[in-house]
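K.L.:
Protein chains in written order, with the working numbering: chain A, 3 to 444; chain B, 3 to 444; chain C, 3 to 444. In this text, a Cβ means the ideal position worked out from N, Cα and C, and glycines have one as well. Predicted model, so just to flag it, every value in this text is computed and none were measured.
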Amino acid sequence: MLDSTLDTLDLHTLGQEMYSLIEELYPICRSITGDGFRETLCRIQRFIPIAVHEVPSGTRVFDWTVPKEWNIRDAYVKDAQGNRVIDFQRSNLHVMNYSVPVKRRISLAELKGHLFTLPEHPEWIPYRTSYYEEGWGFCLPHRQLLTLIDGEYDVCIDSALEPGHLTYGECYLPGESQDEVLISCHACHPSLCNDNLSGLSVATILARHLVSMSRRLSYRFLFIPGTIGSITWLSRNKSTVSRIKHGIVLACLGDSGGYTYKKSRRGNADIDRAFGHILEHSSSPHRVVDFSPYGYDERQYCSPGFDLPVGCFMRTPHGQFPEYHSSADDLNFVRPESLAGSFQICLSVLHLLEHNLVYVNRNPECEPQLDKRGLYPSVGRYQDPGRLRLAMLWVLNLSDSKHTLLDIAERANMPFGLILESARLLHTSGLLIPHRAPLGGS
Amino acid sequence: MLDSTLDTLDLHTLGQEMYSLIEELYPICRSITGDGFRETLCRIQRFIPIAVHEVPSGTRVFDWTVPKEWNIRDAYVKDAQGNRVIDFQRSNLHVMNYSVPVKRRISLAELKGHLFTLPEHPEWIPYRTSYYEEGWGFCLPHRQLLTLIDGEYDVCIDSALEPGHLTYGECYLPGESQDEVLISCHACHPSLCNDNLSGLSVATILARHLVSMSRRLSYRFLFIPGTIGSITWLSRNKSTVSRIKHGIVLACLGDSGGYTYKKSRRGNADIDRAFGHILEHSSSPHRVVDFSPYGYDERQYCSPGFDLPVGCFMRTPHGQFPEYHSSADDLNFVRPESLAGSFQICLSVLHLLEHNLVYVNRNPECEPQLDKRGLYPSVGRYQDPGRLRLAMLWVLNLSDSKHTLLDIAERANMPFGLILESARLLHTSGLLIPHRAPLGGS
Amino acid sequence: MLDSTLDTLDLHTLGQEMYSLIEELYPICRSITGDGFRETLCRIQRFIPIAVHEVPSGTRVFDWTVPKEWNIRDAYVKDAQGNRVIDFQRSNLHVMNYSVPVKRRISLAELKGHLFTLPEHPEWIPYRTSYYEEGWGFCLPHRQLLTLIDGEYDVCIDSALEPGHLTYGECYLPGESQDEVLISCHACHPSLCNDNLSGLSVATILARHLVSMSRRLSYRFLFIPGTIGSITWLSRNKSTVSRIKHGIVLACLGDSGGYTYKKSRRGNADIDRAFGHILEHSSSPHRVVDFSPYGYDERQYCSPGFDLPVGCFMRTPHGQFPEYHSSADDLNFVRPESLAGSFQICLSVLHLLEHNLVYVNRNPECEPQLDKRGLYPSVGRYQDPGRLRLAMLWVLNLSDSKHTLLDIAERANMPFGLILESARLLHTSGLLIPHRAPLGGS
């Protein structure tokens, strides 16, 4: 299950593929609703089967309401000479996302009330939204703001904010068990790469990888708008969320920083322990941080009424890199090799979850005689046994129907892969049998 | 509840008042029984309503017996010339507390068997007692001892040790709930300031402060003789001690050292966590130490038959400052500002206990939409949210009927006051309701 | 119980006795079966009563089979001149243990396929075995190997590998209770001192010491061949192993390294806590390490089907000293004083286990009045109480039927001996009574 390629992944090619997908999606003007989101799902469908769901504006989803749908064709600010001094066609970040339609001539003074800049980064365009309060605005480099001269400006935002739908995509890959792994990413940001075309591309290529694998667990990939998307999905799937035994929110996976895993609210769910274990045994810089109720859609999955075992996997977390939510989060900020590394960690975690079973030692009284089964050299000055043999002894010692392989790997302080290999050898030799049923999902 | 003044306390004035009370009580010769103790309670009654209890000598209290009552009018040692070389009128510490009556002429050699000094601090008079074994003695500076010349001395202790009563004072302030906070101090030491006129004055002014406050909890202040007083009180109130949900012994609160909180025997009672939290979030030097069965009256409250959640709050602990139990623990050793700081910590802890309720998030499934209730700015480049908003998210996330506000403050690593403020905003907006009943007292 | 000599042990003489026993046993060629093992038990029987058990070859013991019995009279390699260039009579390590009989003339080239050396220690003879795969070999110093010239050699191993018996010895010392302490050592190594004549001699002298003591617990000493011996013993005593409440495997106790205690699989059994406590309060270098399923016979006692509370006490662990399993583990490598120190730690641990009872404070409500019972000075400027009095207060405070004396010693951070002394004083004075029954064994 998920085995065949873990050691033979062509990470270089995978990194390039993920990066190319980001390049392709980068120009599209996405928002939490609208055609940009639909177009994005459409492109992803080339890689994986996605069910596209449309939820009408006005639908109540828990405490929230699905907003009107937003679409935009063009937007600009023209100076007295008719020059487009701010032009949506050059960057979709120039328009505050969800701006209502505007077509007016106004003074610079009035205009300034609708302009947003980042004085500390005068060359960058900020990313701004106003989803739940109607308004309009333009975002521009601070340096450019300083060059605007007094006078009248023609302001045009050719947008539509009307009843329509919220769109999201769902890719479900059934496994032997109904127990699910939820993998969720937000796909609502326009031309921003790390946040979150990186998460979206890792999720897509991960799903494509799993499609052809044999799977013990079922997998559900969600491509949703942030916050309102997870709230909408949860409100429509309340009766089946208990199948989710493990979950990850993917975001900010393309920068060159070390890995960050943010634990679920539970703090000791299998997903938390799996990421902790894989990262600890990787040679990469990383940190594991506690849950807090701020961040991405784990906020909703971990709300007290659900309390799902869902963590969040990132490299540099949102808000902790200067380029965050600005035009500097561009195609130069993310790297194919960073995406590939993130992919590899994710796949290692999924591989662990697939194989984290409970076995039972059929000879629990004293050690079985390994040498007569070819598992142990019989002649020999007793030296420190090889790592594999020590791993076999750990698996035998702790396979008492109460320990998963991850429990054993943690106590032995050995990589899960080595413990798994030992369990397989022992299983093959008849010394170990799978326990009737795996322990509870978390 | 206890709210109105926490931020507007006039600590300067409070410090002065506590110091003045110490000045007033300092000259009185107190002991574990007798008129000095009664006079002390009488002075405190000017501030707070106190019920005075008298327990007859000979009363059995658990393994102990209430001793005879001790009173003293005068005492001296006169030399051959009739000079009072040791004079109770100059300091009540000169007489060993509980000395039996004496009127004799004796040689210096015999006298020396009854003299106590501190050679390592030759200017200080030690404080000595002999409550449970009849005897007599004088205490004096070591330097003075060296000046006594051979010859006869007239020794007089004009005391009375006779059947009488043990006296203690009790100030009970009922609250909405019968759940009680016990605040206990020993009031049996004569002219000693830090140990324990400081504890007595902080307790008095704290009680006066609470008198006019609305109170969820009930408060019981005890002014008792050390050891025999708490034993007597416990033996007379066995049937109702289960109402005590939190308790503090106050002592040594006027010196200039950092704070010391000694945990209850339980080690994780609410009172232990509350002091730990308030001290951690104060900017003051402090340490929290584990329970040990030596110290003040917490020894009795935490005896295994009671095991009450009672800790001990001090600045420098007994025996850890050189002036301890000597004439150097005088009016110069305690400071108004030290008393005020101790008062403030106590009041903050009581405020926390008053408000440490359990709330329930009425929208547990996903986050409620804070912006439509004016609790969250809707426009905005996502930045690190303000501390108050993050505190609101923590309160919503953990208000699942299983967490007190202190639980939330600890997990969020935020000051209790901020968490409380968030809970109130959310309560006001209808997002949060108090849980049916607070969790158990500890 | 075990008391009379703990403080008056003549450790010097004990060390000499243990060392002399090692000297006596050193020349005997032991193996996991055979007359060398029997002879060893015979010598130990001079010190303690030992029941000798003989288990026929071919007996199934769990997953194992008792092997054929091995005996050897002589062995050598002669060069063309008839010189014994390798001679069993000079050191029994020269022959691979369990070598089948051989009598042949072979070339040096063929001979070399049967020779074992330690190139990194060219003067030492390695120790090799081949219990479960028939073969033969000689062990010699690497330097000597290099001197062998081409030509023919007469090889002779005058051994017998035939159906017979596996032998082990058992010394059972009944106590008041059927609860047992298991003390196990392997006695199957030939001329090797630290591993494990040291464990064997410490166990022997420990048993001799206990013979004449009054004992609350019962003691079972096992002198067994490694691995197959503990497996055989467990398979023959399955129905009664539940009596084992504490156990130790003794090995490598004569070198000059610090102490090492390896915890049982449970990790917090009384035996683990007892060794941790005694070592922590000793002034000796030591370390306590977690269980791992590699090592000595604790591997079998701690197999999941038994999971007995058995740890392993060593100085330098197997494989962590260069002399391990070589001729350098000789009479110079072990020291009488090292053996004596190991003995003392073991006896202190057994003393602790004997006395680790639960007491009940008969005056649980408030402190009892110690002074009226002569347990507490009544006059006195309150100073830091003596350690013994503080220990009494701890014992009174925690003797609530839920804490053993070890629990109390750990919480008070005081030596067990001091806590025990306090408990006895309080018991004598009637303040403390033994709890009906000791708590469970671990």
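Would the beta-carbon of His211 (chain B) be found less than 8 Å away from any heavy atom of the ligand MG?
P.N.:
Only the bare structure without any ligand can be found here, which leaves the ligand MG out of the picture.
K.L.:
Helix, strand or coil: which one does DSSP assign to Val471 (chain B)?
P.N.:
Outside the displayed range of chain B (3 to 444) lies residue 471 (chain B), so it cannot be described from this structure.
K.L.:
So the alpha helix (DSSP H) Thr406 (chain B) belongs to, where does it begin and stop?
P.N.:
Counting from one through the second sequence, the residue named residue 406 (chain B) turns up at place 404. No alpha helix (DSSP H) holds Thr406 (chain B); the beta strand (DSSP E) holding it covers 402 to 406.
K.L.:
For Ser350 (chain C), which residues in chain A fall below 9 Å Cβ to Cβ?
P.N.:
Locating residue 350 (chain C) in the third sequence gives position 348, where the first residue counts as 1. Ordered by position in chain A, no residue passes the 9 Å Cβ test against Ser350 (chain C), which lies about 30 Å from the chain.
K.L.:
Give the straight-line distance between the Cα atoms of Asp331 (chain A) and Thr229 (chain A), rounded to the nearest whole angstrom.
P.N.:
Taking the first residue of the first sequence as 1, we reach residue 331 (chain A) at position 329. Taking the first residue of the first sequence as 1, we reach residue 229 (chain A) at position 227. Near 21 Å, if we compare the C-alpha coordinates of Thr229 (chain A) and Asp331 (chain A).
K.L.:
From Phe225 (chain C) to Cys44 (chain C), what does the alpha carbon distance come to, in whole angstroms?
P.N.:
Residue numbering aside, residue 225 (chain C) sits at position 223 when the third sequence is read from its first letter. Residue numbering aside, residue 44 (chain C) sits at position 42 when the third sequence is read from its first letter. For Phe225 (chain C) and Cys44 (chain C), the distance between alpha carbons rounds to 11 Å.
K.L.:
So Val312 (chain A) is in the beta strand (DSSP E); what residue range does that whole segment cover?
P.N.:
Taking the first residue of the first sequence as position 1, residue 312 (chain A) is located at position 310. That run of the beta strand (DSSP E) goes 312 to 316.
K.L.:
Evaluate Gln385 (chain B) with the Cβ neighbour count: other Cβ atoms within 10 Å of its Cβ, from every protein chain shown; 16 or more gives buried, anything less gives exposed.
P.N.:
The count along the second sequence starts at 1 and reaches residue 385 (chain B) at position 383. Low confidence applies to Gln385 (chain B): its pLDDT is 44, below 50, so where it sits in the model is not reliable enough to give any reading.
K.L.:
Using the three-state DSSP reduction, which class does Trp126 (chain A) fall into: helix, strand or coil?
P.N.:
In the first sequence, the residue the question calls residue 126 (chain A) occupies position 124. In this structure, Trp126 (chain A) counts as coil in the three-state DSSP scheme.
K.L.:
Taking its Cβ as the centre, do 16 or more other Cβ atoms sit within 10 Å of Ile246 (chain B), making it buried, or is it exposed?
P.N.:
Within the second sequence, numbered from 1, the residue matching residue 246 (chain B) stands at position 244. The residue is buried, with at least 16 neighbouring Cβ atoms inside 10 Å.
K.L.:
Got a sec? Which residues, its chain only, sit under 8 Å from Ser93 (chain B) by beta carbon, not counting five neighbours each side?
P.N.:
In the second sequence, residue 93 (chain B) corresponds to position 91, counting from 1. Contacts found: Ile127, Ser193, Ser329.
K.L.:
According to a CB-to-CB cut-off of less than 8 Å, which residues of the stretch 389 to 403 of chain C neighbour chain B?
P.N.:
Listed by position, the residues of the stretch 389 to 403 of chain C near chain B (Cβ gap below 8 Å) are Leu392, Leu395, Trp396, Leu398, Asn399, Leu400, Ser401, Asp402.
K.L.:
Along the stretch 39 to 73 of chain C, where does the CB come closer than 7 Å to a CB of chain A? Name the residues.
P.N.:
For the stretch 39 to 73 of chain C, which is checked against every Cβ of chain A, the residues closer than 7 Å are Phe64, Asp65, Trp66.
K.L.:
On the three-state DSSP scale, how would you describe Phe66 (chain C)?
P.N.:
Along the third sequence, read from residue 1 onward, the residue named residue 66 (chain C) stands at position 64. The displayed chain sequence assigns Trp, not Phe, to residue 66 (chain C). Trp66 (chain C): strand per DSSP, three-state reduction.
K.L.:
How about the stretch 32 to 41 of chain A and the stretch 335 to 346 of chain B: do they share at least three Cβ pairs that are nearer than 8 Å?
P.N.:
Counting Cβ pairs under 8 Å, fewer than three are found: no touch.
K.L.:
Does DSSP classify Ser109 (chain B) as helix, strand or coil?
P.N.:
Taking the first residue of the second sequence as 1, we reach residue 109 (chain B) at position 107. Three-state result, Ser109 (chain B): strand.
K.L.:
Run the CB neighbour count on Lys114 (chain A), radius 10 Å, all protein chains shown included, and call it buried at 16 or more, exposed below.
P.N.:
Reading the first sequence from its first residue, position 112 is the one you call residue 114 (chain A). When all chains shown are included, Lys114 (chain A) counts as exposed.
K.L.:
Buried or exposed for Arg145 (chain B), please, with buried defined as at least 16 other CB atoms from any protein chain shown within 10 angstroms of its CB.
P.N.:
Taking the first residue of the second sequence as 1, we reach residue 145 (chain B) at position 143. Under this definition Arg145 (chain B) is an exposed residue.
K.L.:
Taking all protein chains shown into account, do 16 or more other C-beta atoms lie within 10 angstroms of the C-beta of Asp9 (chain C), making it buried, or fewer, making it exposed?
P.N.:
For the purposes of this step, residue 9 (chain C) is identified with residue 7 of the third sequence, where counting begins at 1. Burial call: exposed.
K.L.:
Grouping DSSP H, G and I as helix and E and B as strand, with all else coil, what is Leu117 (chain B)?
P.N.:
Within the second sequence, numbered from 1, the residue matching residue 117 (chain B) stands at position 115. Reduced to three states, the DSSP call for Leu117 (chain B) is strand.
K.L.:
Under 8 Å: do the stretch 96 to 111 of chain C and the stretch 146 to 161 of chain C share three or more Cβ pairs, one atom per stretch?
P.N.:
Judged by Cβ distances under 8 Å, the stretch 96 to 111 of chain C makes contact with the stretch 146 to 161 of chain C, as three or more pairs qualify.
K.L.:
With a threshold of 8 Å on Cβ separation, who are the neighbours of Cys141 (chain B) within its own chain once the five nearest residues in sequence on each side are excluded?
P.N.:
As a working note, residue 141 (chain B) is residue 139 in the second sequence. These residues qualify, in order along the chain: Leu95, His96, Val97, Met98, Leu117, Phe118, Thr119, Ile127, Pro128, Tyr129, Arg130.
K.L.:
Residues of chain A with a CB under 7 Å from the CB of Ser305 (chain C): which are they?
P.N.:
The residue you call residue 305 (chain C) lines up with position 303 of the third sequence. The contacting residues are Pro366, Glu367, Cys368, Glu369, Asn399.
K.L.:
Kindly indicate if chain C contains any beta-carbon less than 9 Å away from that of Lys247 (chain A).
P.N.:
Position 245 of the first sequence, counted from the first residue, corresponds to residue 247 (chain A). It does not; no Cβ of chain C falls within 9 Å.
K.L.:
Is the Cβ of Asp373 (chain C) closer than 9 Å to any Cβ of chain B?
P.N.:
Here residue 373 (chain C) refers to the residue found at position 371 of the third sequence. Taking Cβ atoms only, chain B reaches closer than 9 Å to Asp373 (chain C), which makes this a yes.
K.L.:
So within the stretch 261 to 290 of chain B, which uninterrupted alpha helix (DSSP H) runs reach at least 4 residues, ignoring any that extend past its ends?
P.N.:
For the stretch 261 to 290 of chain B, whole alpha helix (DSSP H) runs of length 4 or above, ordered along the chain, are 272 to 283.
K.L.:
Would you say Ala414 (chain B) lies against chain A (beta-carbon separation less than 9 Å)?
P.N.:
One-based indexing of the second sequence puts residue 414 (chain B) at position 412. It does: the Cβ of Ala414 (chain B) has a partner Cβ on chain A nearer than 9 Å.
K.L.:
To the nearest angstrom, how far is the alpha carbon of Ser132 (chain A) from that of Glu41 (chain A)?
P.N.:
Taking the first residue of the first sequence as 1, we reach residue 132 (chain A) at position 130. Taking the first residue of the first sequence as 1, we reach residue 41 (chain A) at position 39. Computed Cα separation, rounded: 22 Å.
K.L.:
Could you check where the beta strand (DSSP E) with Tyr296 (chain B) kicks off and where it finishes?
P.N.:
The sequence position of residue 296 (chain B) within the second sequence is 294, counting from 1. First-last for Tyr296 (chain B): undefined, no H or E at that position.
K.L.:
How many angstroms separate the CA atom of His353 (chain B) from the CA atom of Leu4 (chain B)?
P.N.:
Translated into the one-based positions of the second sequence, residue 353 (chain B) becomes position 351. Translated into the one-based positions of the second sequence, residue 4 (chain B) becomes position 2. Cα to Cα, the separation comes out at about 6 Å.
K.L.:
Tell me, please, which residues DSSP counts as bridged to Gly171 (chain C).
P.N.:
The residue you call residue 171 (chain C) lines up with position 169 of the third sequence. Beta-bridge pairing links Gly171 (chain C) to C:Val54, C:Phe225.
K.L.:
In terms of alpha-carbon separation, which member of B:Ile30, B:Tyr78, B:Pro287 lies closest to Ser258 (chain B)?
P.N.:
Residue numbering aside, residue 258 (chain B) sits at position 256 when the second sequence is read from its first letter. For the residues B:Ile30, B:Tyr78, B:Pro287, the minimum Cα distance to Ser258 (chain B) belongs to B:Pro287.
K.L.:
Specify the secondary structure class of Val351 (chain B) as computed by DSSP and reduced to three states.
P.N.:
Residue mapping note: residue 351 (chain B) aligns to position 349 of the second sequence, counting from 1. The answer is helix: DSSP assigns Val351 (chain B) an H, G or I state.
K.L.:
In whole angstroms, what separates the C-alpha of Ile151 (chain A) from that of Glu135 (chain A)?
P.N.:
Start at 1 with the first residue of the first sequence, and residue 151 (chain A) comes out as number 149. Start at 1 with the first residue of the first sequence, and residue 135 (chain A) comes out as number 133. When rounded, the distance between both Cα atoms is 30 Å.
K.L.:
Please classify Ser305 (chain C): is it buried, with 16 or more other beta-carbons within 10 angstroms of its beta-carbon, or exposed?
P.N.:
What you label residue 305 (chain C) is simply residue 303 of the third sequence in a count that begins at 1. With 16 or more Cβ atoms within 10 Å of its Cβ, Ser305 (chain C) is classed as buried.
K.L.:
Please confirm if the stretch 401 to 421 of chain B is in contact with the stretch 184 to 201 of chain C, defined as three or more CB-CB distances below 8 Å between the two stretches.
P.N.:
No: fewer than three Cβ pairs fall under 8 Å.
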